[in-house]
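Down below is the structure, laid out as C-alpha cells.
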Amino acid sequence: MSVSVARRTVDVSALRAGIPAVMAHERLLPVHPVLAPVFGVAPGEPGLVRGHTVVCSGSAAMSCALAVMAAPTRAGSWAGVVGLPSVGVAAAAELGVELSRTIFVADASTSSATSSDMAAVLSALIDGVEVLVLSRRVVATVSDGVMRKLHTRMQSRGSVLVLVGDPGSVSADVRVNASTVMWEGVGAGHGHLQRRRVSIELDARRRGRPTRADVWLPDQHGGLSVCDDASTGTVPTGNVVSLRRTG
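Residues in the sequence shown are numbered consecutively from 816, following this note's numbering.
Laid out in C-alpha cells, this is it:
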C-alpha cells in the first residue's frame, strides 16, 4: 500500500527506515517564538514536551496546529499531517512549516483506506516523525484500542501528537483553544481579508492557571505575529457580573 505525500508517492515501509529514532534524553522540542509565552517559556527556549499530546480546538484550530509544528520542522524534526485535506501547503510554508520535512497524507474519509490501512499508515509515521498532526476523522477511523496502542508508542518514542478537534479516547496533556476574534481588511462591504486576530488559550496538566495571548494568525504576510495591543499572561478568574442597560 502507498500513500500520497506532497505530490509524491511514498511506500509506507520506507518511512520506518528513513528517519533515525528520537534520542530519549532530548525531552523538549522548540515552539514558535510568538507561542513561547503561551507555553510558559521564554522566546527561543524549547517548550513542547516529547511524548505529550496537544489538542487544538476552536475556529482557528487547524492554523494553530500548523503553528505548533512550525518550529520543530524548522529545527530539523520531521512531521506528518493526516486527514486535513484543506490545509494549504503555501499557507503552511508562510506560517514557518518546513515543507521538505513534512509528510501530507490523504484524508481518510475520502480515500479507500480501511481502519487497518490507516492504522498501518499511522504506525509507520510514528516510527518516522517527531510531530504527528491528526484530524478528528482519523482518530474516529481507528478503533479506540488501536489508537491507545499507537498513542503509547508515540509516548515511548518521544513524539508529540497534535490532534485537531475532538480527541476521542486519547488523553490530552495540553489543550489549546484558538478562537477567531476578528478579520481585518474588509471595510464598507468590500476589500480583501488581510489578517485574522486569534485568541489562544492554553490549559495544561500540572499548571495552576491557563495562559492566553492574542496573535495575528495569519498576519498580513501570512505568518504568525503578536498583536501589539494585546496582553499575554494568565487568564483572570473571578465572578462573572451580568450587565444591564441603564438610562
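All residues carry an ideal CB built from backbone N, CA and C; glycine is no exception. A quick note: this is a predicted structure, and the numbers were derived from the prediction, not measured.
Using the C-alpha atoms, what's the distance from residue j back to residue i?
i     : j     : result
V837  : H1007 : Residue confidence for V837 is low, a pLDDT of 47 falling below 50, so the modelled location carries little weight; the figure read from the coordinates is stated next. Whole-angstrom Cα-Cα distance: 44 Å.
D1044 : A882  : 21 Å
V957  : F854  : 30 Å
V985  : R865  : 16 Å
I1015 : V975  : 19 Å
L843  : D942  : 18 Å
T1026 : H1036 : 26 Å
G1000 : A906  : 18 Å
V991  : S971  : 23 Å
L1017 : R1024 : 9 Å
W996  : R963  : The amino acid at residue 996 is misidentified as Trp; the sequence shows Val. V996 and R963: Cα-Cα distance of roughly 35 Å.
V977  : C1042 : 25 Å
V856  : V948  : 22 Å
Please go through the same chain and pick out, in chain order, the residues whose beta-carbon is closer than 6 Å to the beta-carbon of residue i, but skip the five residues on each side of it.
i    : result
V979 : C871, A876, M877, A880, S950
W998 : L1008, R1011
A894 : M884, T888, T917, V944, V946
D988 : H867, T868, R1020
L914 : A908
Is residue i close to chain B, meaning its C-beta is less than 8 Å from at least one C-beta of that chain?
i    : result
T956 : Reference to chain B is not applicable here, since this structure consists of a single protein chain.
Between which residues of its own chain and residue i is the CB-CB distance below 8 Å, once the five residues before and five after are set aside?
i     : result
P982  : T868, V870, R951, V954
L1039 : H847, V849, L850, A882, A885, L910, G911, V1030, W1031, L1032, P1033
G891  : R916
V961  : S930, A934
V902  : M877, L881, V896, F919
V959  : Looking at the sequence provided, one finds Asp at residue 959 rather than Val. These residues qualify, in order along the chain: G983, S984.
L937  : V897, L947, L949, V953, V957, L965
Which first and last residues belong to the alpha helix (DSSP H) in which residue i is found?
i     : result
A1034 : Sequence check: residue 1034 is Asp here, not Ala. D1034 -> no alpha helix (DSSP H), and no H or E assigned at all.
G943  : 930-943
Taking 7 Å as the limit between beta carbons, can you name the residues of its chain near residue i, skipping five residues before and five after?
i    : result
A839 : Note on A839: pLDDT 42, under 50, position unreliable in the model; no value is reported.
S994 : G873, S874, A875, V1013, S1014
Would you mind reading off the limits of the beta strand (DSSP E) that contains residue i?
i    : result
S950 : 946-950
S874 : Per DSSP, S874 belongs to no beta strand (DSSP E) and is neither H nor E.
G862 : 861-864
P845 : 843-845
V920 : 917-920
- Query: Between the region 950-967 and the region 855-864, are three or more C-beta pairs nearer than 8 Å?
  - Reply: no
- Inside the region 958-996 only - alpha helix (DSSP H) runs reaching at least 4 residues: 959-972
- Could you say if the region 930-945 and the region 884-901 meet the contact criterion of at least three C-beta pairs nearer than 8 Å? yes
- Task: Return the chain-ordered ranges of every beta strand (DSSP E) run that is complete within the region 888-914 and spans a minimum of 3 residues.
- Result: 894-897
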